[in-house]
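This note's numbering puts the last residue of the sequence shown at 536; the count rises by one with no breaks.
Just so you know, even glycine gets a beta-carbon here, dropped at the ideal spot from N, CA and C.
All figures in this text were calculated on a predicted structure; none of them were measured in a lab.
Worksheet for the structure shown next.
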Amino acid sequence: MRRFTELFLALEASNKTTARLAALEAYFGAAPPEDAVWALALLSGHRRRRYVGTTPLRTWAAQVAGVPTWLFDECYSAVGDLGETISLLVSPPGEPQSTRPLHQWMAELQGLKQLPEAEQQAYVQASWAQLSRDECFLFNKLVGGSFRVGVSTQLVARALARVLGVPEPTLAHRLMGDWQPTAAFYTSLRADSAAPTQGATPYPFYLAYPLDSEPDTLGPPEGWLAEWKWDGIRAQLVHRPPVTALWSRGEELITDRFPELAALGPYLPPGTVLDGELLPWADGGPLPFAALQRRIGRKHLTAKLLREVPVVLLAYDLLEWQGTDLRTAPLSERRRQLEALLTQTGTALPLRLSPPVAVSDWAALAATQQAARDQRAEGLMLKRLDSPYGVGRRRGDWWKWKLAPLSIDAVLVYAQQGTGRRASLYTDYTFAVWDVREATPVLVPFAKAYSGLTDAEIGQVDAFIRRNTQGRFGPVRTVAPELVFEIGFEGIQASPRHKSGVAVRFPRILRWRTDKPAAEADTLATLQALLSAYR
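In structure tokens, the structure reads:
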């Protein structure tokens with residue numbers, strides 16, 4: 002535990018990739034397999050579970066610290082992080098007394114949920130007494146399910162690949178899917194890189210970079226494939242008999258939620274892996290993303306829901322063909338084989354080819370890109386025809402060329418304190434527009450947002466909120482309706498659950514309209530006009 006705590010602190014202390022990579026390599030190079038595999042699981046997000054709720058932790062910590070719960074809550078409000086608050090209040094002075102390794106701590110945590118609450122309390126409080134302040138902080142993160150560290154899975158895989166002497170793409174592939182944090186699994190990561198893929202394991206997804214310049218800087222358009230950037234769920238369909246599995250980009254197995262895609266196995270050759278976009282689809286085109294959310298959130302699918310929200314997989318890449326890994330082949334070859342496959346399967350199945358968009362010249366393509374919302378798309382994808390299928394997000398070969406967001410000027414009406422380092426600041430905001438249908442216009446909330454302001458702007462808004470609070474309900478403050486912000490969002494749809502009648506997708510703050518009084522903010526009619534335009 003001490004060694005993993007040191008790694009955690011080193012990763013948090015630096016934002017330099019080289020320093021983080023060095024810390025990861027040092028840890029994996031020295032840790033025994035049974036500890037290294039748990040570190041790998043925790044850092045890559047495979048084992049983030051809550052073993053004890055926050056309310057018991059707060060109660061037990063207040064008891065150990067000898068303070069009333071109201072005072073503990075005041076400390077928590079000031080610190081902003083539960084794990085850190087507990088460690089500051091309960092950690093004993095001096096050196097830690099425990100020398101138990103990480104894997105033993107994790108084994109104990111695995112069984113904690115099955116214990117009676119009294120035994121859970123005794124274990125947690127005894128653990129606090131055995132750990133240094135830093136180790137206690139990390140333990141609290143693990144036991145409370147809030148362990149996070151600012152390091153990407155791709156960087157972890159790169160460090161481990163160097164330590165194990167395995168090519169990074171091979172190792173990244175082996176870390177996909179549902180694996181168990183055992184010493185045997187960790188040892189297997191060193192295996193012959195030519196070993197065939199087994200079971201339903203997907204490949205690491207290749208991700209595109211946002212296009213931050215004009216497309217004509219990419220060279221001649223003849224070397225590029227353009228496609229619509231669909232607004233769905235990125236997914237891989239893996240068919241390796243007897244298994245047919247559907248994986249999301251977040252490495253979640255979602256086969257049971259989309260049985261019509263699981264049924265595609267018999268139509269595909271053994272050893273086929275498709276990469277594509279999962280979309281709700283009807284009448285020859287995609288439905289709003291909100292329709293797909295109805296499928297995502299259901300544990301049990303009814304025949305009625307399957308009829309109302311049919312789905313398709315729009316495939317745009319072929320990663321494996323008849324058991325052969327095609328990722329190193331150029332996109333043009335992969336695409337040619339994909340088109341041949343989907344021509345054979347026909348159009349009666351919920352599996353289609355993501356159609357290419359003609360690239361005659363960049364100016365014409367720019368005009369096409371502006372019509373993306375007519376296709377219910379977010380913009381265009383640009384992929385170099387000679388590109389292999391990589392791992393993670395890399396610059397140069399794949400670009401996403403998104404439309405500018407829809408936007409509206411809205412008034413700040415409610416605010417709530419943030420979390421973590423922003424726990425003492427009001428950073429979570431609710432915005433409203435004017436409903437002018439009545440004699441006296443009223444503000445109607447339509448979106449929440451918390452990103453887009455600089456630290457300096459956050460400080461100014463926080464000070465305004467504290468000076469101009471008009472009421473409180475729970476942690477939320479009602480704010481004098483004076484500040485106007487331009488709010489951007491990717492999509493809009495009707496929503497009877499919201500008072501405004503609309504719901505927006507991915508809202509964020511584009512800028513603070515200091516030049517605009519609240520009376521000149523946009524109206525509900527403006528929102529509804531956007532809704533009508535993009536249905």
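Can you name the start and end residues of the beta strand (DSSP E) that Ile488 belongs to?
Against the sequence shown, residue 488 aligns to sequence position 487. Here the beta strand (DSSP E) through Ile488 covers Val485 to Phe490.
Determine the DSSP secondary structure at Arg478, reduced to helix, strand or coil.
Within the sequence shown, residue 478 is the residue found at index 477, counting from 1. If DSSP states are grouped into helix, strand and coil, Arg478 belongs with the strands.
Go ahead and label Ile297 buried or exposed: buried means 16 or more other beta carbons lie within 10 angstroms of its beta carbon, across all protein chains shown.
The residue you call residue 297 lines up with position 296 of the sequence shown. Burial call: exposed.
Excluding the 5 residues flanking Val392 on each side, which residues of the same chain have their C-beta closer than 6 angstroms to its C-beta?
The residue given as residue 392 occupies position 391 in the sequence shown. Cβ neighbours of Val392 beyond the five flanking positions: Pro170, Ala173 and Pro205.
Using 10 angstroms around the beta-carbon of Tyr210, count the other beta-carbons present and answer buried if the total reaches 16, otherwise exposed.
Working through the sequence shown from its first residue, we reach residue 210 at position 209. With fewer than 16 other Cβ atoms inside 10 Å of its own Cβ, Tyr210 counts as exposed.
In whole angstroms, what is the alpha-carbon distance linking Glu75 and Ala11?
The residue given as residue 75 occupies position 74 in the sequence shown. The residue given as residue 11 occupies position 10 in the sequence shown. Rounded to the nearest angstrom, the two C-alpha atoms are 29 angstroms apart.
Would you report the Cα separation of Val313 and Pro267, rounded to the nearest angstrom?
Sequence index remark: in the sequence shown, residue 313 carries index 312 (1-based). Sequence index remark: in the sequence shown, residue 267 carries index 266 (1-based). For Val313 and Pro267, the gap between their C-alpha atoms comes out near 16 angstroms.
With DSSP collapsed to three states, give me the class of Ile255.
In the sequence shown, counting from the first residue as 1, residue 255 sits at position 254. Of the three classes helix, strand and coil, the one that applies to Ile255 here is coil, per DSSP.
Could you pull the start and end residues of the alpha helix (DSSP H) that Phe29 belongs to?
Looking up residue 29 in the sequence shown gives position 28. Per DSSP, Phe29 belongs to the alpha helix (DSSP H) from Thr18 to Ala31.
Nearest candidate by alpha-carbon position, reference Ser388, set Glu334, Tyr124 and Leu254:
As a position in the sequence shown, residue 388 is number 387, starting the count at 1. Minimum Cα distance to Ser388 is reached at Glu334.
Would you report the Cα separation of Leu83 and Gly112, rounded to the nearest angstrom?
Stepping through the sequence shown from its first residue, residue 83 is reached at position 82. Stepping through the sequence shown from its first residue, residue 112 is reached at position 111. Rounded to the nearest angstrom, the gap between the Cα atoms of Leu83 and Gly112 is 22 angstroms.
Would you please state the rounded distance, in angstroms, between the beta carbons of Leu247 and Ala236? I believe it to be under 8 angstroms.
The residue labelled residue 247 in the question sits at position 246 within the sequence shown. The residue labelled residue 236 in the question sits at position 235 within the sequence shown. Indeed they touch by this definition, with Cβ atoms about 6 angstroms apart.
Contact set for Val437: own chain, Cβ-Cβ below 6 angstroms, skip 5 residues either direction
The count along the sequence shown starts at 1 and reaches residue 437 at position 436. A distance below 6 angstroms between beta-carbons, with the five flanking residues on each side excluded, links Val437 to the following residues of its chain, in chain order: Thr524.
For Phe447, report the span of its beta strand (DSSP E) as first-last.
Within the sequence shown, the letter at position 446 stands for residue 447. That run of the beta strand (DSSP E) goes Val443 to Ala450.
So, helix, strand or coil for Lys500, using DSSP?
Here residue 500 corresponds to residue number 499 of the sequence shown, with the count starting at 1. In the structure shown, Lys500 adopts coil according to DSSP, grouped into three states.
Nearest CA to the CA of Phe290: which residue from Leu279, Arg299 and Leu531?
The residue you call residue 290 lines up with position 289 of the sequence shown. Closest by C-alpha distance to Phe290, out of Leu279, Arg299 and Leu531, is Leu279.
Considering only the alpha carbon of each residue, which of Glu136, Thr56, Pro117 and Gln131 lies closest to Glu7?
In the sequence shown, residue 7 corresponds to position 6, counting from 1. When only C-alpha atoms are compared, the closest one is Glu136.
How many angstroms separate the CA atom of Pro406 from the CA atom of Glu491?
Locating residue 406 in the sequence shown gives position 405, where the first residue counts as 1. Locating residue 491 in the sequence shown gives position 490, where the first residue counts as 1. Taking the straight line from one Cα to the other gives about 5 angstroms.
In the DSSP assignment, the alpha helix (DSSP H) including Asp429 goes from what residue to what residue?
Position 428 of the sequence shown, counting from 1, holds the residue named residue 429. Element bounds for Asp429: not the alpha helix (DSSP H) but the beta strand (DSSP E), Tyr427 to Asp436.
For the stretch 171–190 and the stretch 153–162, state whether three or more C-beta atom pairs, one from each stretch, are separated by less than 8 angstroms.
Three or more beta-carbon pairs drawn from the stretch 171–190 and the stretch 153–162 are found closer than 8 angstroms, and the two stretches are therefore classed as touching.
Indicate whether the contact test is met: 3 or more Cβ pairs, each with one atom in the stretch 348–355 and one in the stretch 398–413, closer than 8 angstroms.
Touching, no, given that fewer than three Cβ pairs across the two stretches are closer than 8 angstroms.
Helix, strand or coil for Val65 per DSSP?
Locating residue 65 in the sequence shown gives position 64, counting from the first residue. Of the three classes helix, strand and coil, the one that applies to Val65 here is helix, per DSSP.
Met107 in three-state terms, based on DSSP
Counting from one through the sequence shown, the residue named residue 107 turns up at place 106. Here Met107 sits in helix by DSSP.
Residues bridged to Tyr415 [DSSP beta-bridge criterion]:
Looking up residue 415 in the sequence shown gives position 414. Tyr415 pairs with Thr431 and Thr479.
Rounded separation between Thr202 and Lys500 - CA only:
Here residue 202 refers to the residue found at position 201 when the sequence shown is read from its first residue. Here residue 500 refers to the residue found at position 499 when the sequence shown is read from its first residue. About 44 angstroms.
Of the listed residues Ala341, Trp231, Leu381 and Arg241, nearest to Ala293 (C-alpha basis)
In the sequence shown, counting from the first residue as 1, residue 293 sits at position 292. According to the sequence provided, residue 293 is Leu. The question's Ala does not apply to it. Looking at the Cα atoms, Trp231 is the closest of the given residues.
Considering only the alpha carbon of each residue, which of Glu309, Gly277 and Ala304 lies closest to Ala283?
Residue numbering aside, residue 283 sits at position 282 when the sequence shown is read from its first letter. Out of Glu309, Gly277 and Ala304, Glu309 has the C-alpha closest to the C-alpha of Ala283.
Mind checking whether Thr431 and Pro446 have CB atoms under 7 angstroms apart?
Stepping through the sequence shown from its first residue, residue 431 is reached at position 430. Stepping through the sequence shown from its first residue, residue 446 is reached at position 445. Yes; because the gap between Cβ atoms is below 7 angstroms, this pair is in contact.
By the 10 Å Cβ neighbour count, where 16 or more other Cβ atoms means buried, how is Gln121 classified, buried or exposed?
Here residue 121 corresponds to residue number 120 of the sequence shown, with the count starting at 1. Result: buried.
Identify every run of the alpha helix (DSSP H) within the stretch 182–248, keeping only runs that are complete inside it and at least 4 residues long; order them along the chain.
Counting whole runs of 4 or more residues, the stretch 182–248 contains the alpha helix (DSSP H) stretches 184–189.
Of all Cβ atoms in chain B, is any one closer than 7 angstroms to the Cβ of Gln376?
Absence of chain B from the displayed structure is noted, only one protein chain being present.
Roughly how many whole angstroms lie between the Cα atoms of Pro93 and Gln126?
By 1-based counting over the sequence shown, the position of residue 93 is 92. By 1-based counting over the sequence shown, the position of residue 126 is 125. Between the C-alpha atoms of Pro93 and Gln126 there is a straight-line separation of about 12 angstroms.
Assumed close pair Ile466, Val480 - CB separation to whole angstroms, cut-off 8 angstroms
Taking the first residue of the sequence shown as 1, we reach residue 466 at position 465. Taking the first residue of the sequence shown as 1, we reach residue 480 at position 479. Here Ile466 really is in contact with Val480; their C-beta atoms are around 5 angstroms apart, less than 8 angstroms.
Gln461 CB to nearest heavy atom of the ligand SAM below 6 angstroms:
In the structure shown, the ligand SAM is absent, as is every other ligand, since no ligand is present at all.
Residue environment, Leu383, which counts as buried when at least 16 other CB atoms sit within 10 Å
Stepping through the sequence shown from its first residue, residue 383 is reached at position 382. Within a 10 Å sphere around the beta-carbon of Leu383 sit 16 or more other beta-carbons, which makes this residue buried.
Taking C-alpha atoms, which residue in Trp435, Ala264 and Leu190 lies nearest to Gln529?
Here residue 529 refers to the residue found at position 528 of the sequence shown. When C-alpha distances from Gln529 are compared across Trp435, Ala264 and Leu190, the shortest belongs to Trp435.
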